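Report on the following structure.
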Amino acid sequence: MSSTTAPPRRPALLVRRRIATYFLGGVTEIPCLVGALAKQGCAVHELSVDIRDGVRESAMICTVMAPGEEIELLLARLRGLPAVVSSELG
């Protein structure tokens, strides 16, 4: 009787990427934005949010460690949030 086993799966290579997300709604939108990062399972190394009185758009800049093939999915998830104006690699 012959037995075949699949070769062990190698873990995905993590890449460090800086993401800039511009959004409306100010401070009330931060939990939703950070939640989108957490749902994707990204390790966030740096996170800064710039909210200014009288300015329409706010910005969230973060550096994440994630598998390279998941970066576009993360950007799409962020772009899909109602408050997000844009989300791009920075």
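Adding 1421 to a residue's 1-based position in the sequence shown gives its number in our numbering.
Quick reminder that beta carbons are idealized off the backbone N, C-alpha and C, glycines included.
These numbers come from a predicted model, not from an experiment.
Taken in chain order, the unbroken stretches of beta strand (DSSP E) that lie wholly in the stretch 1437-1473 and span 3 residues or more are 1464-1471. Taking the Cα of residue 1492 as reference, the smallest distance to any Cα among 1468, 1508 and 1471 is reached at 1508. Residues 1479 and 1480 of the same chain have their beta carbon placed closer than 7 Å to that of residue 1471, with the five preceding and five following residues left out of the count. In the assembly as shown, residue 1505 is a buried residue. Its beta-carbon has 16 or more other beta-carbons within 10 Å. For residue 1493, the enclosing alpha helix (DSSP H) has its first and last residue at 1492-1500. When the five nearest sequence neighbours on each side are left out, the beta carbons in the same chain lying within less than 8 Å of the beta carbon of residue 1477 are those of 1445, in order along the chain. Taking 8 Å as the upper bound for CB-CB distance, residue 1501 and residue 1440 are not in contact here, some 14 Å apart. Taking residue 1469 as reference, the option from 1451, 1488 and 1434 with the minimal CA-CA separation is 1451.
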